[in-house]
Each structure stands twice: as structure tokens, then as C-alpha cells.
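Peer 1: Handing you this structure, nothing more for now.
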């Protein structure tokens, strides 16, 4: 049986005032594009937020660049994308 592929577009909630659409007719693209779907699931379930709440952040607030929730989300997204460790992350973004 042959696989049926859908070339339709899938629209997600806007992010930072920009329209977010997933399309699958672009040929070979970055494999990190799937993180949009993972983020939508995480936003819906609040997994990163709830998991981060399990940690007590004893860092001095004046020296904190990233919230624990942001760091947890980065790690979850990296694992979902198949990154072995944090060396594979270039930067922490939205």
C-alpha cells in the first residue's frame, strides 16, 4: 500500500505577531521544524511549567539570565528533536 501524503497547510496560533503555518511541500528542510508541534503540545499540557515548578531556584535573582522554566523547556525540546546533550543547542530562544 502506498503512503498518502497531504500537502495541505496547517495553521497554528500566531507567535510574536507573526502567522505560523506548517506546510509539507518544501522538499528537504530543517528537521527542527517539528519543534513547533512539540511546543504546541507543551503549551496545551503545561508540562514544562509544571515540571519546572518542582525545582527550587536558589540562584540570586540579579544574576539570573533564564528562568528555570525556560531551561527546562529548552532541554525538553532538545530531547524531542533528538539532541544528545546541551552542546547541540546554539542559543536559548523563545
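Numbering (my numbering), first residue to last: 5 to 98. Beta carbons: idealized from backbone N, C-alpha and C, even for Gly. Predicted, not measured: the structure shown is a model, and the values here were computed from it.
Taking residue 55 as the reference, give the member of 39, 64, 80 with the closest Cα.
Peer 2: 80
Peer 1: Using the C-alpha atoms, what's the distance from residue 51 back to residue 37?
Peer 2: 20 Å
Peer 1: For the candidate residues 41, 77, 87, whose alpha-carbon lies nearest to that of residue 57?
Peer 2: For the residues 41, 77, 87, the minimum Cα distance to residue 57 belongs to 77.
Peer 1: Does the beta-carbon of residue 46 have 16 or more other beta-carbons within 10 angstroms, so that it is buried, or is it exposed?
Peer 2: buried
Peer 1: Of the choices 39, 28, 73, 23, whose alpha-carbon is the least far from that of residue 60?
Peer 2: Of the candidates 39, 28, 73, 23, the one whose C-alpha sits nearest the C-alpha of residue 60 is 73.
Peer 1: Could you name the residues of the same chain whose beta carbon sits closer than 7 Å to that of residue 93, not counting the 5 residues immediately before and after it, in chain order?
Peer 2: 78, 82, 87
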